[in-house]
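Numbering (our numbering), first residue to last: 133 to 819.
A virtual CB, placed ideally from N, CA and C, is assigned to each residue, including glycine.
Computed from a predicted structure; not experimentally measured.
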Ligand code: ADP
Ligand code: MG
């Protein structure tokens, strides 16, 4: 059997698995042996700590080496409940031990034999007690006590004992069969341990230091593969030369605006101007909170390009958003002699053909649209600027595909979701970042309230009240991780219930991710027109839809959302002249949920919120990664592993500059990148 076949072997043939467990493992994403060894611990349990009984501190978890000195007593206080009790000593003091429902121990436990007992100790009367400790004979020590054991994310029906044994068996099978993916030169330079050591020690480390070394290597490797994969998928177009635009006076444009740009908008525009006037290609990300006025910044760049007789493409994720941008931007630009057209999935064939012809012939300055812009037969004669809005909805390849319609056009990416630096490095590499950190004056903050289930009746009354005043409301349904199906059902259920009961008489619409795009657009449109009073929705409305008349946002199960996401949702209201509100229904009583709700009710600043979000979520959570269109990380933490990422980026640069992937030394790495691209970048691909 070729070496790699061992890795692709189905998990069900591994000792300790079988059909039933294989099904459970699938839920954890473990289908093959390779999946199993790449299923990394989320934590460790340190069973190496041994204590004398006399030194035990109440409440700690530790091991004790002691002999049983009492008889082993079993009692059955109730049906289905058996208790085994014993008293042990290590010469310094005594320890009571109780096992629940483990009758089988009665036969195997021996008096006057030394055991290791590992568990949590609690004071009980005069003595310390351990309940259900892990137990192992002192002479056999090292299998389940006296070592560091991995803690995994489990699924119902699968215990830690099961999973540890399965992974241990997989490791036995793969040991000595690893192909080292990292060339020696890289490992030496960055002090990375070798692959077999890494897999052994990440699961069953001899010491925490070993675990750390193993983790470092695996993180490095994962990030390296990701970076190389992303580069490849962007096309190896590393040519950074760009168009050198002539300077343009933007006063004519500014004088037409009904407002003066904020100083943040002006600063960001000056950064863009510098990029556009240089002969380097602009690669700029503009971050700005909801409502900070990103659109006009983009329009200024478009104006700049148009005055240089270059075309611009402005791509947004939904039809409604495209229409809204078109409606607000086109009157302004037309008056300045710049032609703008709208191209979406529902543009009629005849008009589509006309637009495409104009664009190809260069008789059109600006094309605003959805993915339709990406179609193969949409061409430009002089594409100079590509703008994408709400970037995280687009995959890396889509951006690349649009750029490819011109010759190194400048690139402007706009997002309302502040992303941590690590993530932007992974996503955009050398992308420059501008921040609009100021809201236009006179913005009224949105009053936010966090309430418990008990307030529901009052929430519905409040909805009736604002509807009676002519306003509209959103109700966002619980987020159901990984199941659009269930999410849609729960939204349907809620809409039906309130239509018939609490909000009977109001016009309640429903929109969810399982609907066809056309249907979603239709419902959204009637909400925009004010034909619906209330819109029940899953998170599909998150993207920048503008309904100025909507003044109330109600979010169900707010505790399930990330703070940044809550902030995005809240940003759907407060867009008109009316006072707006956000009500978070929090079903959780946990302290952390309370803290999170407190943040939401105390600030309207998206950057503060995203920082707090990060802090409270802690490591291990990779919010937004999927959203940003990159595969989920198995071990790297895009928030915490900035140092390793910086090393990885240096390495990537060396590899690309010197074309190292084509050398023999790098062959295993290259193959791994290709394999990964085929498997894990599926979701990045164009649909
Ligand atoms: P976002 O950053 O969320 O995309 P928009 O560009 O949609 O924000 O701007 C939100 C609203 O604020 C729009 O109605 C826009 O005309 C208005 N706006 C933008 N800049 C300013 C400003 N400097 N002063 C006042 N209003 C502004
Ligand atoms: Mg916007």
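**OP:** Ignoring anything shorter than 4 residues or poking outside the region 554-626, list the alpha helix (DSSP H) runs there in chain order.
**Re:** Taken in chain order, the complete alpha helix (DSSP H) segments of 4 or more residues contained in the region 554-626 are 588-600.
Original post:
At a cut-off of 8 angstroms, is residue 454 close to ligand 2 when judged by its beta-carbon and the heavy atoms of the ligand?
Top reply: No, the Cβ of residue 454 stays beyond 8 angstroms of every heavy atom of ligand 2.
**OP:** May I have a chain-ordered list of the alpha helix (DSSP H) segments no shorter than 4 residues that lie completely inside the region 670-740?
**Re:** Whole alpha helix (DSSP H) segments, 4+ residues: 695-702 and 723-734.
Original post:
What do you get for residue 719, buried or exposed, if any count of 16 or more other CB atoms within 10 angstroms of its CB means buried?
Top reply: By the neighbour-count rule (16 or more Cβ atoms within 10 Å), residue 719 is not buried but exposed.
Original post:
Among residues of its own chain, excluding the 5 on either side of residue 442, which ones have a beta-carbon nearer than 6 angstroms to its beta-carbon?
Top reply: By the criterion of a C-beta distance shorter than 6 angstroms, residue 442 is surrounded in its chain by 514 and 516, once the five residues flanking it on both sides are discounted.
Subject >> Classification of residue 253 by the beta-carbon crowding that lies within 10 angstroms, buried from 16 upward >> reply: With 16 or more Cβ atoms within 10 Å of its Cβ, residue 253 is classed as buried.
Original post:
Pick from 282, 570 and 724: whose alpha carbon is nearest that of residue 740?
Top reply: Put simply, of 282, 570 and 724 the residue whose alpha carbon is nearest the alpha carbon of residue 740 is 570.
**OP:** May I ask you to list the residues that DSSP assigns as paired with residue 412?
**Re:** DSSP output for residue 412 lists 373 as bridge partner(s).
**OP:** Spell out a yes or no on whether the region 140-158 and the region 166-182 are touching, meaning 3 or more CB-CB pairs, one atom from each, closer than 8 angstroms.
**Re:** These segments touch.
Original post:
By Cβ distance, which residues of its chain are closer than 8 angstroms to residue 409, with the 5 residues on each side in sequence left out?
Top reply: Excluding residues within five positions, the ones whose Cβ falls inside 8 angstroms are 376, 377, 378 and 379.
**OP:** Would you kindly report the start and end of the unbroken alpha helix (DSSP H) that includes residue 506?
**Re:** For residue 506, no alpha helix (DSSP H) encloses it, and the DSSP letter there is neither H nor E.
**OP:** Check whether the Cβ of residue 548 sits closer than 8 angstroms to any heavy atom of ligand 2, and report yes or no.
**Re:** Ligand 2 has a heavy atom closer than 8 angstroms to the beta-carbon of residue 548.
Subject >> Residue of 323, 351 and 381 minimising C-alpha distance to residue 331 >> reply: Of the listed residues, the one whose Cα sits closest to residue 331 is 351.
Original post:
Beta-carbon separation of residue 262 and residue 251 under 9 angstroms?
Top reply: Yes, these two residues count as a Cβ contact at 9 angstroms.
Subject >> Residue(s) in a DSSP beta bridge with residue 521 >> reply: DSSP lists 546 as partners of residue 521.
**OP:** Specify the secondary structure class of residue 750 as computed by DSSP and reduced to three states.
**Re:** Confidence is the limiting factor: at residue 750 the pLDDT is only 47, short of 50, which leaves the residue's position unreliable, though a coordinate-based value still follows. Note: residue 750 maps to coil in three-state DSSP.
**OP:** Select from 247, 256 and 626 the residue whose C-alpha is nearest the C-alpha of residue 268.
**Re:** Checking every option, the nearest Cα to that of residue 268 belongs to 247.
Subject >> 8 angstroms CB neighbourhood of residue 889 in its chain, flanking five on each side removed >> reply: Absent from the model: residue 889. The displayed extent of the chain is 133 to 819, so no value can be given.
Subject >> Outcome for residue 461 when other beta-carbon atoms lying within 10 angstroms are tallied against a minimum of 16 >> reply: Buried, because 16 or more other Cβ atoms sit within 10 Å of the Cβ of residue 461.
Original post:
Hey, is residue 428 close to ligand 1, as in C-beta under 8 angstroms from one of its heavy atoms?
Top reply: Under cutoff, so the answer is yes.
**OP:** Reducing DSSP to helix, strand and coil, say where residue 302 ends up.
**Re:** Residue state, collapsed to three classes: helix.
Original post:
Can you check whether the CB of residue 405 is closer than 9 angstroms to the CB of residue 373?
Top reply: Not a contact, by the Cβ cut-off of 9 angstroms.
Original post:
Does DSSP classify residue 446 as helix, strand or coil?
Top reply: Correct three-state label for residue 446: strand.
**OP:** Indicate, with yes or no, if ligand 1 has a heavy atom lying under 8 angstroms from the CB of residue 781.
**Re:** Here the distance from the Cβ of residue 781 to the nearest heavy atom of ligand 1 is not below 8 angstroms.
**OP:** Return yes when at least one heavy atom of ligand 2 lies under 8 angstroms from the C-beta of residue 522, else no.
**Re:** Because some heavy atom of ligand 2 lies under 8 angstroms away, the Cβ of residue 522 counts as near it: yes.
Subject >> Residues of its chain near residue 182, where Cβ-Cβ distance is below 8 angstroms and the 5 sequence neighbours each way are ignored >> reply: Closer than 8 angstroms at the Cβ level, and outside the excluded window around residue 182, lie 194, 195, 196, 197, 248 and 278.
**OP:** Give a single yes or no on whether residue 397 has its beta carbon closer than 8 angstroms to a heavy atom of ligand 1.
**Re:** Checking the Cβ of residue 397 against ligand 1 gives yes.
Original post:
Under a Cβ-count criterion, where at least 16 other Cβ atoms within 10 Å of its own Cβ denotes burial, should residue 545 be classed as buried or exposed?
Top reply: That one is buried.
Subject >> Rounded separation between residue 218 and residue 158 - CA only >> reply: Using only the alpha carbons, I get a separation of about 41 angstroms.
Original post:
Would the C-beta of residue 577 count as close to ligand 4, meaning under 8 angstroms from any of its heavy atoms?
Top reply: In terms of ligand content, the structure shown lacks ligand 4 and carries ligand 1 and ligand 2 instead.
**OP:** Count the C-beta pairs between the region 388-395 and the region 485-503 that are closer than 8 angstroms, then say yes if the count reaches three, no if not.
**Re:** The region 388-395 makes no contact with the region 485-503; the number of CB pairs closer than 8 angstroms stays below 3.
Original post:
Where do the N-terminal and C-terminal ends of the alpha helix (DSSP H) with residue 188 fall, by residue?
Top reply: Per DSSP, residue 188 belongs to no alpha helix (DSSP H) and is neither H nor E.
**OP:** Take residue 145 and list the residues in its own chain whose beta-carbon comes closer than 8 angstroms to its own, dropping the five residues that flank it on each side.
**Re:** The beta carbon of residue 145 sits closer than 8 angstroms to no other beta carbon from its chain once the five residues preceding and following it are set aside.
Original post:
So is residue 368 buried or exposed if we call it buried at 16+ other beta carbons inside 10 Å?
Top reply: Bear in mind that a pLDDT of 45 at residue 368, under 50, signals an unreliable position, so the model cannot answer this.
Original post:
With C-beta atoms as the reference, is residue 448 less than 9 angstroms away from residue 510?
Top reply: No, the Cβ-Cβ distance between residue 448 and residue 510 is not below 9 angstroms.
Original post:
Looking at residue 458 and ligand 1, is the gap between the Cβ and the nearest heavy atom below 8 angstroms?
Top reply: The beta carbon of residue 458 sits no closer than 8 angstroms to any heavy atom of ligand 1.
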